[in-house]
Amino acid sequence: MSDVMSRPAARTLLLNPQDNVAVALGNLDVGTDTAEGVRIIRRVPKGHKFAVRPIQAGETIVKFGQIIGRAKVEIPAGDWVHEHNAGIGEDHGAFERDYAFCEGVVPVDFVPEDQRATFQGFKRADGRVGTRNYIGILTSVNCSTTVAGFIAREIERSGILDDYPNIDGIVALKQANGCVIDYRGVIFDTLKKTTWGYATNPNMGGVIMVGLGCEGFQIPRFKEAYGVTENETFRTMTIQEVGGTRKTVEAGVEAVKAMLPIVNQAKRTTQPASELMLALQCGGSDGYSGITANPALGVAADILVRHGGTAILSETPEIYGAEHLLTRRARTREVGEKLVEIIHWWEDYAERNNMEMNNNPSPGNKLGGLTTILEKSLGAAAKGGTTPLNAVYHYADQVTEKGFVFMDTPGYDPVSATGQVAGGANILCFTTGRGSAYGCKPTPSIKIATNSDIYEKMIDDMDINGGDVLDGKSLEAKGQEIFDYMLAVASGKKSKSEELGYGDNEFVPWQIGATF
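Residue numbers for the sequence shown, in my numbering: 1 to 516.
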């Protein structure tokens, strides 16, 4: 996408000279004259679009210099452009994207190693680095989630964690499935990968896994699949074997107590920023998301990559229609083609379930000014910055490549972030325009508001205000601010969502396929 071409101080923003719509920075009343030389003929809410010239019925609507839909009817200059007169069109397949594999790859200008940024992190035995040091209680089935919660509650209520200052807390990661699934099927494989990913995330200092005993997701089969044995920081138990709820809670509490002094031995030391793996998320998006917070986060992702780190873009339905911008940056044709294959899977998935990709944006997105999935995706993809796309991963796969990568996930934020954390993400940045309330344990989540109104209104939830980009702050300066804040949070500073206590209920593995 192109740089901002004009920035009228008060009211409107034209993003690209090719655009036939501009964005209202405040509510535009009928009769308002804009810097684009048109007079508003229908009230335009802030964050929404208006036509800067007449648009014929069936003509493409262009924003960011890219097609975001078609006019349903003739749209006069100065008219509000939204669902009532614009849409994706039944022939949205005719918006053929030129994937131009690898043609836009620009080599990364890496920062010399002796000049790279650092943070204070927990170096693990496998060489990875954590930004937090949690004890996690994982569950193999919904039937054991209550017991897992009881164990965590008993530890917290005892006050014993106060004696172990190097431990960030205990978190019971509850889940809603685990039984009546085909243990040879995609649900089992996804749940197995996700659970293993959380158990081995570098932000976990110790793990206890609790099951019922008769569920489809058998703990012994899980241990066999990954070749793991019980040790000082990994324990398993089932309610049926231990002898019921009360006895399992008591056994779990004792297992945690035995782990505490061992997990507490981990200490923060100076580590290179190359050890950061950043999950990129956006939720509750609005018309400003693709203008302020998302491209600013993209700048921060570029900075991290230049320092040798990793940034994971996800939410496949929310890059739909913008994937051609990513395939141009693919390091190899194979990487680009893998992304396109995933896009085709989602098209088929939507059709099989009698849905369409344009069911996203959500009602809140539309109230915020987003009209079609193409428009939303163009803004969402901006989080990925500009560096080469080095790899494409399936959901919850372990991320092993450095640099900018993509992971296939749904657009639903808790499910998407769960896949990224399972892949190894040790820090997360989450942009929002409508005001998503979200946190993520064991990975700290940094919330970035797309506009100043929501930042001020939800100041207890928002870490960074991206709205000042509309007031003249450059995307480069805002991206650097985000990167510096990431280093501080990675070093132990609590994000707003951590201060509020979010993260215990946001473990939501993707459920693909049928349950019986």
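For every residue, glycine included, the Cβ atom is placed at its ideal position computed from N, Cα and C.
Helix, strand or coil at residue i according to DSSP, with G and I counted as helix
i, result
"P587", "As shown, the chain starts at 1 and ends at 516. That puts residue 587 outside it, with no answer to give."
"A425", "coil"
"K441", "coil"
"R124", "coil"
"L370", "coil"
"V469", "helix"
"M357", "helix"
"I88", "coil"
"D460", "coil"
"R221", "helix"
"L212", "coil"
"G479", "helix"
"V249", "helix"
"A488", "helix"
"A381", "helix"
"G548", "Since the first residue shown for the chain is 1 and the last is 516, residue 548 is missing from the structure and cannot be characterised."
Residue j beta carbon less than 7 Å from that of residue i
i, j, result
"G290", "A382", "yes"
"G298", "G227", "no"
"Q66", "S491", "no"
"S445", "L428", "yes"
"F489", "F404", "In the sequence as presented, Phe is not what sits at residue 489; that position holds Val. Cβ atoms of V489 and F404: not closer than 7 Å."
"I208", "A255", "yes"
"K441", "V171", "yes"
"P317", "G379", "no"
"N166", "A266", "yes"
"I68", "L367", "no"
"L339", "A311", "no"
"V105", "T387", "no"
"I55", "A71", "yes"
Per DSSP, the bridge partner or partners of residue i
i, result
"P272", "T118"
"C282", "T431"
"N231", "F234"
"V171", "G136"
"V129", "K123"
"T532", "Since the first and last residues shown for the chain are 1 and 516, residue 532 lies out of range."
"R39", "D33"
"N51", "It should be noted that the sequence gives Ala, not Asn, for residue 51. Looking at the DSSP assignment, A51 forms a beta bridge with V21."
"I291", "Paired residue(s): none; I291 is not in a bridge."
"K447", "F430"
"W80", "F50"
Run of the beta strand (DSSP E) containing residue i, from where it starts to where it stops
i, result
"A391", "L389 to Y393"
"V23", "V21 to A24"
"G69", "Q66 to A71"
Buried versus exposed, by CB contacts within 10 Å (16 or more), residue i
i, result
"W80", "buried"
"W345", "exposed"
"I454", "buried"
"H84", "exposed"
"V180", "exposed"
"P509", "buried"
"A22", "buried"
"L500", "exposed"
"A10", "Note that A10 scores a pLDDT of 43, beneath 50, so its modelled location is shaky; the value from the coordinates is reported in the next line. Flag for A10 reads exposed."
"K257", "exposed"
"S314", "buried"
"M277", "buried"
"G284", "buried"
"M1", "Note that M1 has pLDDT 44, beneath the 50 cutoff, so the model's placement of it is unreliable and the number below is only indicative. Buried, because 16 or more other Cβ atoms sit within 10 Å of the Cβ of M1."
Residue-level contact to chain C via CB, residue i, 7 Å cutoff
i, result
"T238", "Considering every chain present, this structure includes no chain C. It has just one protein chain."
Endpoints, the alpha helix (DSSP H) within which residue i is located
i, result
"G149", "T145 to S158"
"V186", "V186 to A199"
"G336", "R333 to R352"
"K496", "K496 to L500"
"V242", "I239 to V242"
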